[in-house]
Amino acid sequence: MSLKSHGVILEVGDGATPSEVFAAIADIGDLDEATVNREVETITSHSSQGVEVVPVGVPDYGEISFQVPHSAAPALRGLVEIGAKKNWKIKTPGASGTLETMSFAGYVTSYGVPYTVNGVQMANVTIRISGKPTFA
Amino acid sequence: MLAELQKAIFTKLSTAVSLTGIPVFDYVPQNTAFPYIKVDNSTAIERSNHSKRGREITTTILVWTQYHGSKQSRELLEKVDKVLDRTSLTVTGFTHVLTYVEFCQVYTQPDGFTQQGVIRVRSIIEES
């Protein structure tokens, strides 16, 4: 069964302990969730019996990119400047309620706004995931 | 969304000082004297985000004149252009982001006398 992707919620934590409070970032547009991958290195040698030998590296959860109205999220640009690691949640919609919550730590590594003549001030934001996300 | 935007454009044109004396219609009564303006068709395409509905709407406005040559219709189109291009609109229940003119053209009708000016504006609105 296919499910719609409309209704994704991206939340950022306030860093408080022991009970961190997460707030949704308003009006986010298209969001590309990270692609997990492992680097592959070829170590094929003359003694590899004529086949490729490719041990894999550790998983890398990559980065998240999304669009958001510049007016709605100026604090995200500040996170690039100070380099603060934040806790994040991405809640994907299910048939009723939340289907899955991806929790992860990461840095906002880029924030840019193209000011097109006939467009809307939408910021392009990238979050680099650090460590291993959890899925619940 | 379409109806509220149409009302906003209608109001903007009807109250524009530069268009004083030029009636603006949604429905044009029979035997209406030229020149006049008609707020005509609309099309809408999806422009939502994950939390709010949004639309990108084009609205066609027609300018009808009867005049020897196209001078009057061109001048009237220019006035409509100045009123609507990059203007702020009050769209009840929605946030108006942007309106701009994307197309203008004047057509001579088969009688060789009546001129139809077409101006199309594109608007972006979001739920408040």
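Those protein sequences? They're chains A and B, same order as listed. Going letter by letter, the first sequence gives residues 1 to 136 in my numbering. Going letter by letter, the second sequence gives residues 137 to 264 in my numbering. Ideal placement from N, C-alpha and C gives every residue a C-beta, glycine not left out. All of these numbers come straight from a predicted model, not from anything done at the bench.
Residue i Cβ short of 7 Å to the ligand FMN heavy atom set
i	result
GLU11 (chain A)	No copy of the ligand FMN occurs in the structure displayed, which carries no ligand at all.
Contacts that residue i makes with chain B (C-beta to C-beta distance below 8 Å)
i	result
HIS70 (chain A)	The contacting residues do not exist; HIS70 (chain A) stays about 12 Å from chain B at best.
ASP32 (chain A)	Per Cβ cutoff of 8 Å: no residues; ASP32 (chain A) is ~13 Å from chain B at best.
Assumed close pair residue i, residue j - CB separation to whole angstroms, cut-off 8 Å
i	j	result
THR92 (chain A)	VAL8 (chain A)	6 Å
CYS240 (chain B)	LEU220 (chain B)	Not confirmed; about 11 Å, so no contact.
VAL257 (chain B)	TYR236 (chain B)	7 Å
Neighbour list for residue i in chain A, Cβ cutoff strictly below 9 Å
i	result
LEU234 (chain B)	ASN118, GLY119 and VAL120
Closer than 8 Å to chain A by CB, residue i
i	result
LYS218 (chain B)	no
HIS204 (chain B)	no
SER154 (chain B)	no
ILE260 (chain B)	yes
LYS188 (chain B)	yes
Closer than 8 Å to chain B by CB, residue i
i	result
GLY7 (chain A)	yes
ALA84 (chain A)	no
Residue closest to residue i, alpha-carbon to alpha-carbon, out of the options
i	options	result
GLU39 (chain A)	A:GLY62, A:PRO18, A:ASP32 and A:ALA105	A:GLY62
ILE173 (chain B)	B:GLY190, B:TRP200, B:SER184 and B:ILE193	B:TRP200
ILE90 (chain A)	A:TYR111, A:PRO55, A:VAL120 and A:LEU31	A:LEU31
ARG222 (chain B)	B:PHE249, B:GLN241 and B:ILE260	B:ILE260
ALA123 (chain A)	A:ASP14, A:GLU33 and A:GLY29	A:GLY29
VAL56 (chain A)	A:GLN121, A:PRO133 and A:ASN37	A:ASN37
GLU41 (chain A)	A:VAL58, A:ALA16 and A:GLY131	A:VAL58
ASN185 (chain B)	A:ARG128, A:HIS6 and A:ALA75	A:HIS6
ALA75 (chain A)	A:PHE135, A:ASP14 and A:THR98	A:ASP14
THR195 (chain B)	B:PRO171, B:ASP176 and B:GLU211	B:ASP176
Neighbouring residues, chain A, relative to residue i (Cβ below 8 Å)
i	result
ASN167 (chain B)	Chain A residues near ASN167 (chain B): none, gap ~39 Å exceeds 8 Å.
Partner residues on chain A for residue i, Cβ-Cβ distance less than 7 Å
i	result
ASN185 (chain B)	ASP27, ILE28 and GLY29
Query raised in the report: Which runs of the beta strand (DSSP E), 3 residues or longer, sit entirely within the stretch 194 to 251 of chain B?
Result: Taking only runs of at least 3 residues, the beta strand (DSSP E) segments lying wholly in the stretch 194 to 251 of chain B are 230 to 244.
Query raised in the report: Hey, which unbroken runs of the beta strand (DSSP E) at 3 residues or more fall wholly within the stretch 53 to 125 of chain A?
Result: 56 to 60, 63 to 69, 85 to 93 and 98 to 112
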